[in-house]
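Protein chains: 2
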Amino acid sequence: MQKIGRLLEIEKLITEADISTQDELLRKLREKGIPCTQATLSRNLKQLGISRIPDGSGGYKYSLSAMLRLTDAFPFKLNLVPVIREITEARGMMIIRTLPGNASNTAFFIDGAGRFEIAGTIAGDDTILLIPRDGITIPQVHSCLESILPGLHEQIKKK
Amino acid sequence: MQKIGRLLEIEKLITEADISTQDELLRKLREKGIPCTQATLSRNLKQLGISRIPDGSGGYKYSLSAMLRLTDAFPFKLNLVPVIREITEARGMMIIRTLPGNASNTAFFIDGAGRFEIAGTIAGDDTILLIPRDGITIPQVHSCLESILPGLHEQIKKK
DNA sequence: AAAAAAAATGCATAAATATGCAAAAAATAG
DNA sequence: CTATTTTTTGCATATTTATGCATTTTTTTT
Chain A
82 MQKIGRLLEI EKLITEADIS TQDELLRKLR EKGIPCTQAT LSRNLKQLGI SRIPDGSGGY
142 KYSLSAMLRL TDAFPFKLNL VPVIREITEA RGMMIIRTLP GNASNTAFFI DGAGRFEIAG
202 TIAGDDTILL IPRDGITIPQ VHSCLESILP GLHEQIKKK
Chain B
82 MQKIGRLLEI EKLITEADIS TQDELLRKLR EKGIPCTQAT LSRNLKQLGI SRIPDGSGGY
142 KYSLSAMLRL TDAFPFKLNL VPVIREITEA RGMMIIRTLP GNASNTAFFI DGAGRFEIAG
202 TIAGDDTILL IPRDGITIPQ VHSCLESILP GLHEQIKKK
């Protein structure tokens, strides 16, 4: 699934820095080893609800749409469920295993949900350590994850 | 002051209907008797913080930037103060006189602020009737207007 | 009120983005 | 595993948007 990784990286890149053209974004993707063309990028941005907005300083930058930021109404939902392989628990923390190379992006996505329950995450290549906030139980984290990634637990059981 | 009227109309048009290209917006402006070119429109949209975002149904539409909607950080503020000529009071209501042709747009702008104090407005060509909500005093409406349109009262006094 | 400065505009065109179509890749069914 | 359907992609190009520059309009200053 080449596409999901690219979509995540796109979200990440436009979140981390101001990017003003698709060509600029394209270059950054390629630096990360993700090949892509402008055409595909244009389509992906549309799907993600990302648009080019005036940056207030005379230029433009890419940004998540107001719509996507303000509501959950946007019909497209990034589905990361398929890249998650296994979830286990140890020492009050949660260990999430993903397909190779997907841990960092997935962790970024989880962080992006801004949930109180989650104190932070650390990601390697295919493993994420999720640290719950003090006083939060593992079942609480499970339901939190389920709300971030609907269908997650059902998917895990299948494997 | 040709420009302000156009800016207001642009805001109004993209608020009222989904518009997907500048050419489409241009046509609607012209239908309203407001001449404009695509070049100017592009610049105006940038100034207003309006951008073209995916509409979630496979197309695009123009929309106020998230930034503008969420915060007051956007450096450009539409300055309607110059079109307002006079403010008087009658029967617990407020009568606002504007330059010819500017009442409707100005009222739209005031409505858009979504203030509790204001029950509603009715606009003719150069006059707005502002109806305060029950229990709201004229001085309260004055300070409400001042916050929507900073500098308003100072301007009025000068004339 | 005239001169000077600043802002707005149109034209032409550059820059940037979107998309039809055919090919390739991936997912699904049998 | 192979055939079928669906999804994704690139290429080429159409569409759409942004902007440099010269000109006009508006505002400010004197």
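Here the protein sequences come in this chain order: A and B. Numbering-wise (this note's numbering), the first sequence opens with residue 82 and increments by one. Numbering-wise (this note's numbering), the second sequence opens with residue 82 and increments by one. No residue lacks a Cβ here, since even glycine has one placed at the ideal position from N, Cα and C. Because the structure is a prediction, the values reported are computed rather than measured.
Going by beta carbon distance, what residues of the same chain come within less than 8 Å of Ile203 of chain A, once the five residues before and after it are set aside? Ala188, Ile209, Leu210 and Ile212
Note the first and the last residue of the continuous alpha helix (DSSP H) segment covering Leu86 of chain B. Position check: residue 86 of chain B holds Gly in this sequence, whereas Leu was assumed. DSSP places Gly86 of chain B inside the alpha helix (DSSP H), whose first and last residues are Gln83 to Glu97.
Coarse secondary structure for Thr102 of chain A, derived from DSSP in three states: coil
Let me know if Pro135 of chain B comes out buried or exposed under the rule of 16 or more other beta-carbons within 10 Å of its beta-carbon. Looking at its Cβ environment, which holds 16 or more other Cβ atoms inside 10 Å, Pro135 of chain B is buried.
Based on Cα-Cα distance, which residue from B:Ala98, B:Leu88, B:Arg87 and B:Lys93 lies nearest to Asp192 of chain B? B:Lys93
Delimiting residues of the beta strand (DSSP E) encompassing Leu144 of chain B: The identity of residue 144 of chain B in the sequence shown is Ser, whereas the question assumes Leu. From DSSP, the beta strand (DSSP E) with Ser144 of chain B extends over Tyr141 to Leu145.
With 8 Å as the threshold, decide whether the Cβ of Phe155 of chain B is near any Cβ in chain A. Bear in mind that the predicted position of Phe155 of chain B carries a pLDDT of just 40, short of 50, making it unreliable; the figure below should be weighed with that in mind. It does; some Cβ of chain A falls within 8 Å.
When the Cα atoms are used, what is the spatial distance from Glu167 of chain B to Leu107 of chain A? 54 Å
Pick from B:Ala120, B:Gly130 and B:Val164: whose alpha carbon is nearest that of Gln83 of chain B? B:Val164
Mind checking which residues open and close the beta strand (DSSP E) that includes Gly178 of chain A? Note that residue 178 of chain A corresponds to Arg in the displayed sequence, not to Gly. Its beta strand (DSSP E) spans residues Met174 to Thr179.
Cα separation between Thr96 of chain B and Ile176 of chain A? Rounded to the nearest angstrom, the two C-alpha atoms are 46 Å apart.
Does the distance from the C-beta atom of Ile91 of chain A to that of Leu129 of chain A stay below 8 Å? yes
Show which residues of chain B have a CB atom less than 7 Å away from the CB atom of Lys127 of chain A. Lys127 of chain A reaches chain B at Pro135, counting residues in chain order whose Cβ is nearer than 7 Å.
Within-8 Å CB hit, Gly130 of chain A to chain B: yes
In whole angstroms, give me the CA-to-CA distance for Asn125 of chain A and Gly201 of chain B. Linking Asn125 of chain A to Gly201 of chain B through their CA atoms gives a straight-line distance of about 43 Å.
Candidates A:Gln221, A:Gly140 and A:Leu145: which alpha carbon is nearest Met174 of chain A's? A:Gln221
Just the C-alpha distance for Leu77 of chain A and Arg196 of chain A, rounded to the nearest angstrom, thanks. One cannot answer for residue 77 of chain A here, as it falls past the ends of chain A, which runs 82 to 240.
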